[in-house]
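Asks: The numbering used here applies: residue 621 is where the sequence shown begins, and numbers increase by one. To start, I am sharing the structure in question, which I have written as structure tokens.
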Amino acid sequence: MLKSVVTNYPELLFFADANGSFNKANFERLKEFDDVGFTLIEQPFGEREWALHARAKAQLNTKICLDESISSVDDVQQMIDMKAGDIVVLKMSRLGGWTETLKVVELCREHSIGMWVGGMIEFGVSKAHNLALASLPGIEYPGDFSASTHFWEKDIIEPEIFVDNGEIQLSQLTGIGYKVDTAHLSPSEEAKECF
């Protein structure tokens with residue numbers, strides 16, 4: 621069924637997120653997904669299962685992407701040293717901000733490691749940082765992005781982030797390209813938003 625879907629939409633990239641659901645005992649089951657045609661299989665094993673990820677990278681044609689395993693530049697170096705993955709998911713909040721994230725980006729570029737920007741249910745402030753990150757050279761895979769109003773009736777940034785036919789027009793403003801808008805919040809809500 622999965623192979624049929626992937627084959628019928630050759631213009632789309634299909635990412636399979638395993639969320640660490642495989643292990644040594646069911647490794648052969650993972651191999652069954654290799655001929656589906658996925659762009660990548662994300663995090664097939666647990667966060668610290670470097671040897672199993674390396675085994676998967678060696679035995680599968682589908683690219684192995686690490687997400688939860690990547691929380692520092694040292695983790696990326698471990699992945700490279702052990703040949704445990706082809707692609708990383710960049711999550712700036714997990715990496716600790718711009719400084720560490722840019723170190724990861726540079727290391728990935730040096731070693732031809734693919735990258736894409738992951739996200740969760742975020743306010744526009746985080747989305748703005750992620751959009752700026754995703755626009756950097758070398759980050760070629762599409763990321764987890766949605767419009768400002770996807771999860772929230774009213775987000776706290778302006779201008780709003782819109783998705784039009786699968787694309788987001790980046791802001792041309794300086795910095796992250798968006799302003800925090802607290803005018804619609806009550807004084808108590810505004811205090812909470814100021815951290």
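Where a beta carbon is used, it is the ideal one built from N, C-alpha and C, also for glycine. All values derive from a computational prediction rather than experimental measurement.
CA-CA distance, M699 and G705?
Replies: Inter-residue distance for M699 and G705 is about 6 Å (C-alpha atoms, whole angstroms).
Asks: State whether the region 624 to 637 contacts the region 660 to 669, with contact taken as three or more CB pairs (one from each stretch) at a distance under 8 Å.
Replies: yes
Asks: With H, G and I counted as helix, E and B as strand and the rest as coil, what does DSSP make of W772?
Replies: Coil.
Asks: Using beta-carbon positions only, say whether I777 and A748 come within less than 8 Å of one another.
Replies: yes
Asks: With distances taken Cα to Cα, identify the nearest neighbour of N681 among F653, S732, V708 and T627.
Replies: Cα-wise, what sits closest to N681 is F653.
Asks: Would you say W578 and G717 are within 8 Å of each other, going by their C-beta atoms?
Replies: Because residue 578 is not part of the residues shown, which for the chain are 621 to 815, the question remains open.
Asks: May I ask you to report which of helix, strand or coil DSSP gives E688?
Replies: coil
Asks: Taking only three categories from DSSP, how would you classify M702?
Replies: Reduced to three states, the DSSP call for M702 is coil.
Asks: Go ahead and pull the three-state DSSP assignment for V625.
Replies: helix
Asks: What did DSSP end up calling E787 once you bin it into helix, strand or coil?
Replies: strand
Asks: Span of the alpha helix (DSSP H) holding A748?
Replies: G744 to A754
Asks: From F815 to Q792, what does the alpha carbon distance come to, in whole angstroms?
Replies: Because F815 carries a pLDDT of 42, less than 50, the predicted location of this residue cannot be relied on, and the following value inherits that uncertainty. One C-alpha to the other measures close to 27 Å.
Asks: For V656, does the three-state DSSP call read helix, strand or coil?
Replies: coil
Asks: Please go through the same chain and pick out, in chain order, the residues whose beta-carbon is closer than 8 Å to the beta-carbon of G797, but skip the five residues on each side of it.
Replies: A748, L751, A752, L790 and S791
Asks: If you compare alpha carbons, which of S746, L650, G640 and K774 is closest to V795?
Replies: It should be noted that the sequence gives Gly, not Val, for residue 795. Comparing Cα-Cα distances from G795 to each of S746, L650, G640 and K774, the minimum goes to S746.
Asks: Compare the C-alpha of I707 against each of V696, K623, W772 and H770 and name the closest.
Replies: V696
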